[in-house]
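Read in order, the letters of the sequence shown are residues 1 to 148 in UniProt numbering. All C-beta atoms, glycine included, are put in the ideal place defined by N, C-alpha and C.
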Amino acid sequence: MLDLVFKNYTQGKAPGEKFFRKILNTGTKELNIKDKNVEVGLNLVGEAKIKELNKKYRGKNEVTDVLSFPLEETGLRKYGILPLGDIFICLPFAVKEAERQSISLEKELARLTVHGFLHLLGYDHEKFVAEKKKMFRLESKILNKLNK
1 MLDLVFKNYT QGKAPGEKFF RKILNTGTKE LNIKDKNVEV GLNLVGEAKI
51 KELNKKYRGK NEVTDVLSFP LEETGLRKYG ILPLGDIFIC LPFAVKEAER
101 QSISLEKELA RLTVHGFLHL LGYDHEKFVA EKKKMFRLES KILNKLNK
């Protein structure tokens, strides 16, 4: 079961909670954690907010597409509860990237959501090449399942 807290903090037009819930539910099924009570916060933010978060938590004074903040809470896992953390997606960045790639905004938001979700689960493409390959393979698997 997925407990999703969704908020669009921008004035930009974007899909609603149902769209993101479907993506995350597909992710939980593909990663065999659908029987857990998965808790995720998903926030659509503007460029100023994502830049502020990126600088504060990663030391990078720049706009980025998606940031994930995993919770370190492990005590609830024995009860089948997975409080994973929060995903922040920069909506204006996603709009520009979708236009640049000539794809729909929904397709880009799906990719960013899955990417952020995998980071919440501990995958990290920046540290190890093997981990990067595994993460992007899982990302593709989930996105392919969504497109069926």
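C-beta atoms of residue i and residue j nearer than 8 Å
{"i": "residue 130", "j": "residue 108", "result": "no"}
{"i": "residue 2", "j": "residue 24", "result": "yes"}
{"i": "residue 117", "j": "residue 43", "result": "no"}
{"i": "residue 83", "j": "residue 122", "result": "no"}
{"i": "residue 61", "j": "residue 49", "result": "no"}
{"i": "residue 63", "j": "residue 47", "result": "yes"}
N- and C-terminal bounds of the beta strand (DSSP E) containing residue i
{"i": "residue 128", "result": "Premise fails: residue 128 is in no beta strand (DSSP E) and is neither H nor E."}
{"i": "residue 39", "result": "37–45"}
{"i": "residue 2", "result": "2–8"}
{"i": "residue 109", "result": "Note, residue 109: premise wrong, no beta strand (DSSP E); alpha helix (DSSP H) at 105–120."}
{"i": "residue 63", "result": "Per DSSP, residue 63 belongs to no beta strand (DSSP E) and is neither H nor E."}
Assigned exposure category for residue i - 16 Cβ within 10 Å defines buried
{"i": "residue 135", "result": "buried"}
{"i": "residue 111", "result": "buried"}
{"i": "residue 20", "result": "buried"}
Length of the line joining the Cα atoms of residue i and residue j
{"i": "residue 139", "j": "residue 114", "result": "6 Å"}
{"i": "residue 85", "j": "residue 39", "result": "7 Å"}
{"i": "residue 37", "j": "residue 16", "result": "21 Å"}
{"i": "residue 98", "j": "residue 105", "result": "5 Å"}
{"i": "residue 59", "j": "residue 133", "result": "25 Å"}
{"i": "residue 10", "j": "residue 91", "result": "8 Å"}
{"i": "residue 178", "j": "residue 35", "result": "Residue 178 lies beyond the stretch modelled for the chain, which goes from 1 to 148, so this question has no answer here."}
{"i": "residue 103", "j": "residue 56", "result": "31 Å"}
{"i": "residue 5", "j": "residue 143", "result": "21 Å"}
{"i": "residue 8", "j": "residue 27", "result": "21 Å"}
{"i": "residue 147", "j": "residue 72", "result": "32 Å"}
{"i": "residue 45", "j": "residue 13", "result": "12 Å"}
Residue range of the unbroken alpha helix (DSSP H) whose run includes residue i
{"i": "residue 96", "result": "91–101"}
{"i": "residue 24", "result": "17–30"}
Residue i CB to nearest heavy atom of the ligand GTP below 7 Å
{"i": "residue 110", "result": "This structure lacks the ligand GTP; in fact it carries no ligand of any kind."}
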